[in-house]
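Numbering-wise, our numbering comes out as the position in the sequence shown, counting from 1, plus 750.
Working notes, structure below.
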Amino acid sequence: MVPIDRRRLALRTAPLALYAVTAILVVLPLAALLFQGFTNESQGRLQFTWHYVSAVFVEGGYWSALANTFIVAIAASLLATLLGVPLAWTIARTDVPAKRWLEQLVVLPMFIPPFVGAFAWLLMAAPRIGLLNLPFMSLSINAPLDIYTRLGMVWVMGIYLAPYVFLIVVSALRNMDPTLEEAAQIGGLTGWQTTVRVTLPVSPPSILAGAVLAFVISVGLFGTPVLLGFTNQIYLVTSRIYLELQSFPPAYGVIAILALYLMALAVVAHTLQQWALRGRSFVTVSGKNFRPRQLRLRGARYAVATGVWLYVTLTAIAPITLIVVATLSTYAWSGRFTWANLDYLWSSNDVRSTLANTLTITLIAATVATVIGFAVAWVAARTRLPGRRALEYLILFPISVPSLAFAVGVAFLWVRVPLPVYGTMWIIVLGFLGRYTSYAHRSIAGSLVQIHPELEESARVAGYGWSRTLSRITLPLVWPSVVSGWLMLYSIFTTELSMVLPLYTADTRTVSILAFDTWSVGRFSQVAGLSLLQLVVGAGVMYAVSGAIRRRDAPV
């Protein structure tokens, strides 16, 4: 009898298990979405049908939502790009004062949930209760600002998506060889002319990548369109999906086609990005060591810094301040302050149960997604297993799928599977894993490819097995990226609304769902309190974990 080599057996079966997990988390939900949209059950038999496609693309209400989604997403991504690119150029290429502080403040809006950001701007620019409109109303002048419009949606989406464009573009600008700019200035161009004619024209890959990412996020947003569009019946596709889910019986085929439309927009955007860059070279990084050239702003330094501070104020400082004040008010800007809303956060059973659900789901999903992301990154970078690139592609594909569309596919899948998953918090965990594991993977993979395999090879020569090498050598080296990926997922999961919406039940509500339900009955001060709770829970845990890591890595 041939003895079994357990180590070799584990090395062969573990990747197979990883393939199976990826198929369950990613492939099957998307397949379920297609199945639901193009099949119909008649007399106990499944039939292929175009009925739901016809219903969506013929009925006027759906056409309006389709057009609104496309227009608002295009405009929001354009605004995000127009804000993100100058911010990135300012931080990466100029001598603006307090640059290090400004860079951290510019990305702060990323950690404010879309629902919370939209609610803060509702408090600022709503026609009747908006803080910016109150002075005009006190003089019997019609309110000049109305956030309940398409333009209001575009503004709120765009300013909160700008940091995503910023992060992509600022990295590219820092990695660009300054030789081209130096040659331009030798040729007689000024610093501003060099920026316009040289720096920005060689940056389309990063600018397009940021714009496409902003577009994909825009088409999948739910909280902002609902808060700012329902008042005037301005519906986007995500709004119509929500309305269809609330109808009885829900038109699941129509919901599937609407979700597939969101996916199609995202796929087309990525395809156009690749087409626009095809056949053109934008190589600007050589093998030489270099330091990016800084443009001296001279007298404009403080004016530019003031512009950056204005952006931070509009997206973070003012909204958070207004939410705190609204939490302490009896009703929006009533002028009467109370502790009742804070007491509600402390004493309400709904708040306790939804907070417990939120933390449970978040901690489980963030941890498991990080483990899977690390495993896929390691298999792709450190093995020669067949299909490893396909595995990596499958994990990364959901990045281009809007959250609500993916969640609808998860719901369609598990409602048909004869396992006790649908209606429990586990379906939310599975949805998070399928949609967001790619975030952890990208964070970890970038660090893993920078580690030369000779370190691990030396450990194996010294007698370490693969598991011991992984735990003693590889994992400690990529640990900062692992923690960064986990924190990113934690910040997303604690405030996620779009993914949870089609998957929750009365027993599995999260704080985001509770805040949305509270808004729907008009209790704005309680919504402000719940928004503040989300910010505190998210920032508190991230600060604690980051502090623990810094203390762990600090020299003794």
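For every residue, glycine included, the Cβ atom is placed at its ideal position computed from N, Cα and C.
A quick note: this is a predicted structure, and the numbers were derived from the prediction, not measured.
*asked:* If distances are taken between C-alpha atoms only, which option among Val1129, Thr1104, Gly1057 comes closest to Val846?
replied: Gly1057
*Does DSSP classify Asn790 as helix, strand or coil?*
strand
*Going along the chain, which residues of its own chain have a beta-carbon closer than 7 Å to the beta-carbon of Leu1072, five neighbours each way excluded?*
Ala870, Leu873, Met874, Leu881
_Considering only the alpha carbon of each residue, which of Val987, Asn1091, Ile967, Ser921 lies closest to Pro955?_
Ser921
*Counting pairs of beta carbons, one from the stretch 1103-1123 and one from the stretch 1254-1267, are three or more of them closer than 8 Å?*
yes
*Is Ser997 helix, strand or coil when you go by DSSP?*
coil
*By Cβ distance, which residues of its chain are closer than 8 Å to Arg1166, with the 5 residues on each side in sequence left out?*
Ala782
*Starting from Phe798 and walking both ways along the beta strand (DSSP E), at which residues does that stretch end?*
795-798
*How long is the line joining the alpha carbons of Ser1248 and Val1062, rounded to whole angstroms?*
25 Å
*When the distance is taken between beta carbons, is Ala1278 closer than 8 Å to Ala1076?*
yes
*Whole angstroms is fine: what's the gap from Trp1059's alpha carbon to Leu852's?*
8 Å
*Have a look at Met1229 and Ser1193 and give me their C-alpha separation to the nearest angstrom.*
A small fix is needed here, since residue 1229 is Trp in this sequence, not Met. C-alpha separation (whole angstroms): 11 Å.
*With a cut-off of 8 Å on the beta carbons, I'd call Val1129 and Arg1138 a contact; round off their distance for me.*
5 Å
*Counting only the same chain and skipping the five closest in sequence on each side, list residues whose C-beta sits under 8 Å from that of Ser989.*
Ala815, Phe972, Pro975, Val976, Gly979, Phe980
*Does the distance from the CB of Arg1005 to the CB of Leu1012 come in under 8 Å?*
Rather than Arg, the amino acid found at residue 1005 in this sequence is Ile. Their beta carbons are not under 8 Å apart, which means Ile1005 does not touch Leu1012 by this criterion.
*If we call anything under 8 Å between Cβ atoms a contact, is Leu1064 one with Ile909?*
yes
*asked:* According to DSSP, is Thr844 part of a helix, a strand, or is it coil?
replied: strand
*Whole angstroms is fine: what's the gap from Ile957's alpha carbon to Arg1086's?*
47 Å
_In whole angstroms, give me the CA-to-CA distance for Thr1088 and Val1261._
22 Å
*Pick out whichever of Arg1222, Ile1122, Gly1290 has its Cα sitting closest to the Cα of Val771.*
Ile1122
*Figure out for me which residue from Asn883, Ala1090, Ile967 has the closest Cα to the Cα of Met860.*
Ile967
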